[in-house]
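Student: Residue numbers (the working numbering): 16 to 245. Don't be surprised by glycine CBs; every beta carbon is placed ideally from N, CA and C. First the structure, which I've put down as structure tokens, then a few questions once you've had a look.
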């Protein structure tokens, strides 16, 4: 799965990397992005790519209650095209989610040791994602970041596609986010068939990091600093 990731890129860096159009956004470095938070998402608009901030955790358009989002932070790439929660978005609303690392946890007895995974060359990348628009229904019980929304308001949300883990990630988890190579970005956004496989293990690196990551409210550079293996 993918339950936390990093995106330390500025707007200018994202603009250059992904050839974006539209007004710049004031992006701060993100060291511990968690579900329920707004994340930077790239979508196709006519012949351009634009950046928007969407809530991580997909809420299908037909949902009556937003709590479903916590179950839909990821979508299995093998079945997303058929699943009711994802099928419409898979056909019509695809996106790229920029990142430069993601976390998984190693269970050691009663402790959870986080590891940070990234590309061996240190380059940023893009997860394959889907997005949806949910309209708040009358009588919906909204809390947290949605508490100020009311009936009729539109909430845009997203999910990250996953694939079977490669040999680098597998010791920590059986699934990993789908990292799309740059030559697949446009075909993916256009709705074309592209391989949704795991990134080659030899292209990736991993190192243990502080358990500060275990708490989503911890969001500073210490989250990504390597620590000595335990």
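1. Could you give the DSSP three-state label for residue 256: helix, strand or coil?
2. How would you write the range of the alpha helix (DSSP H) that residue 30 sits in, first residue to last?
3. Looking at residue 192: is its Cβ nearer than 8 Å to the Cβ of residue 174?
4. Thinking just about the alpha-carbon of each residue, which of 123, 52 and 102 is nearest to the one in residue 223?
5. In whole angstroms, what separates the C-alpha of residue 131 from that of residue 119?
6. In its own chain, which residues sit with a C-beta less than 8 Å from the C-beta of residue 15, not counting the 5 before and 5 after it?
7. Just verifying my parser: in three-state terms, what is the DSSP assignment at residue 164?
8. Touching or not, the segment 39–46 and the segment 129–148, by the rule of three or more beta carbon pairs under 8 Å?
9. Residue 29: which of 58, 19, 17 and 47 sits nearest, CA to CA?
Tutor: In terms of the structure at hand:
1. Because the chain spans 16 through 245 in this model, residue 256 falls outside it and cannot be assessed.
2. The continuous alpha helix (DSSP H) containing residue 30 extends over residues 26–33.
3. Not a contact, by the Cβ cut-off of 8 Å.
4. Ranking the options by Cα distance to residue 223, first place goes to 123.
5. Rounded to the nearest whole angstrom, the C-alpha separation of residue 131 and residue 119 is 7 Å.
6. The displayed coordinates of the chain run from 16 to 245. Any statement about residue 15 would go beyond what the structure contains.
7. Note: residue 164 maps to coil in three-state DSSP.
8. The segment 39–46 is not in contact with the segment 129–148.
9. Ranking the options by Cα distance to residue 29, first place goes to 58.
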